[in-house]
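Peer 1: Okay, so the sequence shown: first residue is 2 according to this note's numbering, each after it adds one.
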Amino acid sequence: MRLSAEERLLLALCREEADFNVPADWDRFYRLVQDHKLSPLIHHNLKKMGGMVSAPSKIMDQMRTHTRTTALANLLYEQKIYCLLKLFNQDGIETIPIKGITFSKMIYGKNMVRETCDIDLLIRKKDVLKVDAILRGLSFTPTRDFAVLKNWQDVYSYGHYLKDEPLTPRYIVDIHWDFLPPEQSRPALLKKAWKRATPTEIDGNQIMVLSPEDILLFLSVKFAMDHIQRFLLRSICDIANFLKVYKEKLDWGYILQECNRNKIATHLYFALYFSEKLFGVDFPMEVRRKLKPTVIKRWLFKPLIQRRIFSKKSLTIKYSISYLICYFLPTILSISSPRDIFWSLKVVSRRGCCFITKKMDKNFRKGILRRF
2 MRLSAEERLL LALCREEADF NVPADWDRFY RLVQDHKLSP LIHHNLKKMG
52 GMVSAPSKIM DQMRTHTRTT ALANLLYEQK IYCLLKLFNQ DGIETIPIKG
102 ITFSKMIYGK NMVRETCDID LLIRKKDVLK VDAILRGLSF TPTRDFAVLK
152 NWQDVYSYGH YLKDEPLTPR YIVDIHWDFL PPEQSRPALL KKAWKRATPT
202 EIDGNQIMVL SPEDILLFLS VKFAMDHIQR FLLRSICDIA NFLKVYKEKL
252 DWGYILQECN RNKIATHLYF ALYFSEKLFG VDFPMEVRRK LKPTVIKRWL
302 FKPLIQRRIF SKKSLTIKYS ISYLICYFLP TILSISSPRD IFWSLKVVSR
352 RGCCFITKKM DKNFRKGILR RF
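1) Taking 8 angstroms as the threshold, find out whether the region 37-46 comes into contact with the region 66-84 through three or more Cβ pairs.
2) Determine which residues share a DSSP beta bridge with Tyr255 and list them.
3) Using only alpha-carbon positions, find the residue among Phe280, Cys260 and Gly281 that is nearest to Leu292.
4) One question on the structure: do Asp239 and Val174 come within less than 9 angstroms of each other, judged by their Cβ atoms?
5) Output the distance between the C-alpha atoms of Lys192 and Asp146, rounded to the nearest integer angstrom.
6) Using beta-carbon positions only, say whether Leu218 and Trp178 come within less than 9 angstroms of one another.
7) Using DSSP's beta-bridge definition, name the partner residues of Met107.
8) Name the DSSP beta bridge partners of Leu163, please?
9) With a Cβ-Cβ cutoff of 9 angstroms, do Asp92 and Lys131 count as a contact?
10) DSSP three-state call for Arg366: helix, strand or coil?
11) Please report how far the alpha carbon of Tyr274 lies from the alpha carbon of Glu7, in whole angstroms.
12) According to DSSP, is Met209 helix, strand or coil?
13) State buried or exposed for Arg197, treating a residue as buried only when at least 16 other CB atoms are found within 10 Å of its CB.
14) State buried or exposed for Leu150, treating a residue as buried only when at least 16 other CB atoms are found within 10 Å of its CB.
15) Around the C-beta of Cys160, are 16 or more other C-beta atoms found within 10 angstroms, so that it is buried, or is it exposed?
16) Quick one: Cα of Tyr255 to Cα of Ile97, how far?
17) DSSP puts Ile203 in a beta bridge; with which residues?
18) Return the chain-ordered list of same chain residues with a C-beta closer than 7 angstroms to the C-beta of Tyr31, the five sequence neighbours on each side being excluded.
19) Return helix, strand or coil for Ile120, following the three-state DSSP convention.
20) Along the alpha helix (DSSP H) that carries Ser276, what are the first and last residues, could you check?
Pasting the structure below:
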């Protein structure tokens, strides 16, 4: 992988390595850190390394300011998530926080190292309309109306809510009733994740959390989905730091079994592969051998993923083709036998229809907004 000096410096600091002496453009480095939303982590690691890497005072001041802002925003998000969990619990709604504040505290022990952009909550599909009503009652504005959309179960797997309050960041709440879009849903995997979730005390609050094995599977699936988003490097960083904490505690037998049953072995392989390649976190050789995809998949997708890790969005034909390939990437990665090809064609066609439906939905909303 060809990387610039700034990109290599970023990876070295994520790994807390000080043996990096290549001159770098620190202004470009800071922009890169901001783009990948890694500023709090890099600032934390620079302080932890005790001046072994001498960053310009201007850059350190900028990162310090950003980290303080992040810490305040995370604190407000933390209070909001505990409030929502309490309200949902009073209505008998089972809720599991995913990513965000709880994930940051599990991995880093504090909530100021990882920048939180929203609140992600896993709920059961039967509770969607009930949760929708509660959030509306709290003045959250939905981006889509589930009471009006008759086919929302077939098109969406999450709901997006916004709330603006004075002197606070914009609150964004995403409610998920599945890890994957409906056309790629793995009901068996989701059912087991709910069954294996356990209550854990965080800051004096009883919170349901996914098992470490299910968190890794979720992060791997999200990694595949993030190929159409901007924060691919942060996804890999999350997986790498998660493995540093839980690698020795994981039930790899269960993970391999569920990967094969739910056709996500290749998703996990590439997530682990890039965690090792970029952040130096190794995983058992036996797991590597059992997850290893075909030569064609490795030849086709490794370069594609590598290019997109530090890619910049641009309206070019090449980027558009890459975007479409990556939009269908989770489905393509699920192919493990000739029989799966027919299943994949069906899923791709459904995913294409959902893609068009969602784009029409976005364009419709934009048209409505223009009228006002």
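Where a beta carbon is used, it is the ideal one built from N, C-alpha and C, also for glycine.
Peer 2: Walking through what the data contain:
1) By the Cβ criterion, the region 37-46 is in contact with the region 66-84, since at least three pairs of Cβ atoms, one from each stretch, lie closer than 8 angstroms.
2) BP columns for Tyr255 are empty, so no partner.
3) Cys260
4) In this structure, Asp239 keeps its C-beta atom at 9 angstroms or more from the C-beta atom of Val174.
5) Going from the Cα of Lys192 to the Cα of Asp146 covers about 26 angstroms.
6) no
7) Bridge partners of Met107: none, in fact.
8) Thr142 and Ile173
9) At a Cβ-Cβ threshold of 9 angstroms, Asp92 and Lys131 count as neighbours.
10) Unreliable placement is indicated for Arg366, whose pLDDT of 39 sits below 50; no coordinate value is reported for it.
11) 22 angstroms
12) strand
13) exposed
14) exposed
15) For the sequence presented, residue 160 should be read as Gly rather than Cys. Classification for Gly160: buried.
16) Going from the Cα of Tyr255 to the Cα of Ile97 covers about 21 angstroms.
17) Residue pairing by DSSP puts Ile203 in a beta bridge opposite Asn206.
18) Ile60 and Gln63
19) strand
20) Ala266 to Phe280
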